[in-house]
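**Q** Sharing a structure with you now.
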Amino acid sequence: MGIKPLRFILGILGALGIALTLFSLLFGFRSIPTNSVGVKLRFGALSGIEDPGLTYIIPYVDELLIVPTQRLLKLEFGFGTSAATNPYQQDRYAEDTETMITGDLNTALVPWVVQYRITDPKMYLFGVREPEQTLRDLSESVMREVIGDRTVDEVLTIGRHDIETASLKRLAELCSDYNLGLQIQQVQLATVRPPAVVQAAFNEVNQAQQEKQTAINQAWAVYNDAVPNASGQAKERLKQAEAYAFRRVNQAKGDAEKFTLLLSEYRKA
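Counted the way this note's numbering counts, the sequence shown spans residues 632 to 900.
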């Protein structure tokens, strides 16, 4: 009587072992997209980096984290688009983020985008606790610093490329210092504008500057047209004067020769 229950228990355990093995075989395979790598954890510790394709993990023992190393990711500041490529893309505090103080103590609304790639999956996952939030904080700090070094006219008009270049360089340096495992690809300003309360005044100033530039361009056009014409007329008059002088010299020489002949004839007579 004691052997049968034992056999029954062993049979159940064996069946459970077979079921668990089948479960592991059926549900342990994972697919890694072609634009990503898989970071495998075993009991919460790093076990290895898996290339794109099919891989296997032990259920309840392993964990596979997909890291999109070949995708171009981006963070938005001062605005947010509906077609987000990652959960950190949109700015939850857009109005506060885009409001900047310039070096001459004016206010400008400066939205921008940071594009980046994940270059080191291990550093990205374990270097800092929240790499995207850290990148967002660093980006905002850098942009405020760069904008604070320039006048409002530079920010709103001619300084766009310089701002993007300076921000990209500084942000790349900080990402390296903080070991984020990220590479900054581009910092791009969106539509930079003055606050709504001064938009009308800015438009008037901008219109006046455009009219001024138009007047300058027209003056240069008149000048560039007049100078060659005047130069051409002067050259023509010089040629005419030279031709006249040449004719007068020849005429004088002819008259002198005639006079010499007459004088010679007179003396002979």
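Even glycine gets a Cβ: it sits at the ideal position worked out from N, Cα and C.
1. Specify whether the stretch 669-676 and the stretch 771-783 touch according to this definition: at least 3 beta carbon pairs, one from each stretch, less than 8 Å apart.
2. Which partner residues of residue 660 appear in the DSSP bridge assignment?
3. Per DSSP, what kind of secondary structure is residue 823 in: helix, strand or coil?
4. Just the Cα atoms here: how many angstroms apart are residue 803 and residue 748?
5. In this structure, does DSSP put residue 890 in helix, strand or coil?
6. For a quick check, are the C-beta atoms of residue 588 and residue 745 less than 8 Å apart?
7. Which residue wins for smallest C-alpha separation from residue 904, given the options 731, 711, 694, 767?
8. Whole angstroms are fine: how far does the CA of residue 824 sit from the CA of residue 787?
9. Is residue 771 near residue 710, with beta carbons less than 8 Å apart?
10. Under a three-way DSSP split, which group does residue 647 fall into?
11. Are the beta-carbon atoms belonging to residue 663 and residue 689 less than 8 Å from one another?
12. Going by the CB atoms, is the gap between residue 795 and residue 811 shorter than 8 Å?
13. Reducing DSSP to helix, strand and coil, say where residue 710 ends up.
14. Which residues in the same chain have their Cβ closer than 6 Å to the Cβ of residue 763, if we skip the five residues on either side of it in sequence?
15. Can you name, in chain order, every residue of its own chain whose Cβ lies under 7 Å from the Cβ of residue 660, other than the five neighbours on each side?
16. When the distance is taken between beta carbons, is residue 826 closer than 8 Å to residue 733?
17. Do you know whose CA, among 740, 851, 789, lies nearest residue 829's CA?
18. Is it buried or exposed for residue 727, if we count other Cβ within 10 angstroms and need 16 for buried?
19. To which residues of the same chain is residue 722 closer than 7 Å at the C-beta, ignoring the five residues directly before and after it?
20. What separation, rounded to the nearest whole angstrom, lies between the Cα atoms of residue 649 and residue 681?
21. Could you please give the first and the last residue of the uninterrupted alpha helix (DSSP H) stretch that includes residue 808?
22. Taking the straight line between their C-alpha atoms, what separation do you get for residue 792 and residue 773?
23. Please name the residue, chosen from 750, 809, 736, that lies closest to residue 776 on a Cα-to-Cα basis.
24. Does the beta-carbon distance from residue 750 to residue 813 come in below 8 Å?
25. Within its chain, find whatever has a CB closer than 8 Å to the CB of residue 658; leave out the 5 residues flanking it on each side and keep chain order.
**A** Here's the rundown:
1. no
2. Mapped onto the sequence shown, residue 660 falls at position 29. DSSP output for residue 660 lists 687 as bridge partner(s).
3. Against the sequence shown, residue 823 aligns to sequence position 192. Coil.
4. Residue 803 sits at position 172 when you count from the first residue of the sequence shown. Residue 748 sits at position 117 when you count from the first residue of the sequence shown. Distance between the alpha carbons of residue 803 and residue 748 is about 12 Å.
5. To locate residue 890, count along the sequence shown from 1; it is residue 259. Because the pLDDT at residue 890 is just 45, under 50, the model does not fix this residue reliably, and the point stays unresolved.
6. Nothing can be reported for residue 588: it is not among the residues displayed for the chain, which extend from 632 to 900.
7. No statement about residue 904 is possible, as the shown extent of the chain runs from 632 to 900 and does not include it.
8. Position 156 of the sequence shown, counting from 1, holds the residue named residue 787. Position 193 of the sequence shown, counting from 1, holds the residue named residue 824. Distance between the alpha carbons of residue 787 and residue 824 is about 6 Å.
9. By 1-based counting over the sequence shown, the position of residue 771 is 140. By 1-based counting over the sequence shown, the position of residue 710 is 79. No. Outside cutoff.
10. On the sequence shown, position 16 is the one that residue 647 refers to. Correct three-state label for residue 647: helix.
11. Counted from its first residue, the sequence shown places residue 663 at position 32. Counted from its first residue, the sequence shown places residue 689 at position 58. Taking 8 Å as the Cβ cut-off, residue 663 and residue 689 do not qualify as a contacting pair.
12. The residue given as residue 811 occupies position 180 in the sequence shown. The residue given as residue 795 occupies position 164 in the sequence shown. Not in contact: residue 811 and residue 795 (Cβ atoms no closer than 8 Å).
13. Along the sequence shown, one-based indexing puts residue 710 at 79. In the structure shown, residue 710 sits in coil (DSSP, three-state: anything other than H, G, I, E or B).
14. Indexing the sequence shown from 1 puts residue 763 at position 132. The answer, listed in chain order, is 719.
15. If you number the sequence shown from 1, residue 660 lands on position 29. 685, 687, listed in sequence order.
16. Position 102 of the sequence shown holds residue 733. Position 195 of the sequence shown holds residue 826. Not a contact, by the Cβ cut-off of 8 Å.
17. Residue mapping note: residue 829 aligns to position 198 of the sequence shown, counting from 1. For the residues 740, 851, 789, the minimum Cα distance to residue 829 belongs to 740.
18. On the sequence shown, position 96 is the one that residue 727 refers to. Label assigned to residue 727: exposed.
19. Counted from its first residue, the sequence shown places residue 722 at position 91. These residues qualify, in order along the chain: 707, 708, 709, 710, 711, 728.
20. Residue 649 sits at position 18 when you count from the first residue of the sequence shown. Residue 681 sits at position 50 when you count from the first residue of the sequence shown. Cα-Cα distance, rounded: 28 Å.
21. The count along the sequence shown starts at 1 and reaches residue 808 at position 177. Note, residue 808: alpha helix (DSSP H), 791-808.
22. By 1-based counting over the sequence shown, the position of residue 792 is 161. By 1-based counting over the sequence shown, the position of residue 773 is 142. Each residue's Cα considered, the two are about 15 Å apart.
23. Counting from one through the sequence shown, the residue named residue 776 turns up at place 145. Nearest C-alpha to residue 776: 736.
24. Sequence index remark: in the sequence shown, residue 750 carries index 119 (1-based). Sequence index remark: in the sequence shown, residue 813 carries index 182 (1-based). Yes, the pair counts as a contact, with Cβ atoms nearer than the cut-off.
25. For the purposes of this step, residue 658 is taken as the residue at position 27 of the sequence shown. Closer than 8 Å at the Cβ level, and outside the excluded window around residue 658, lie 690.
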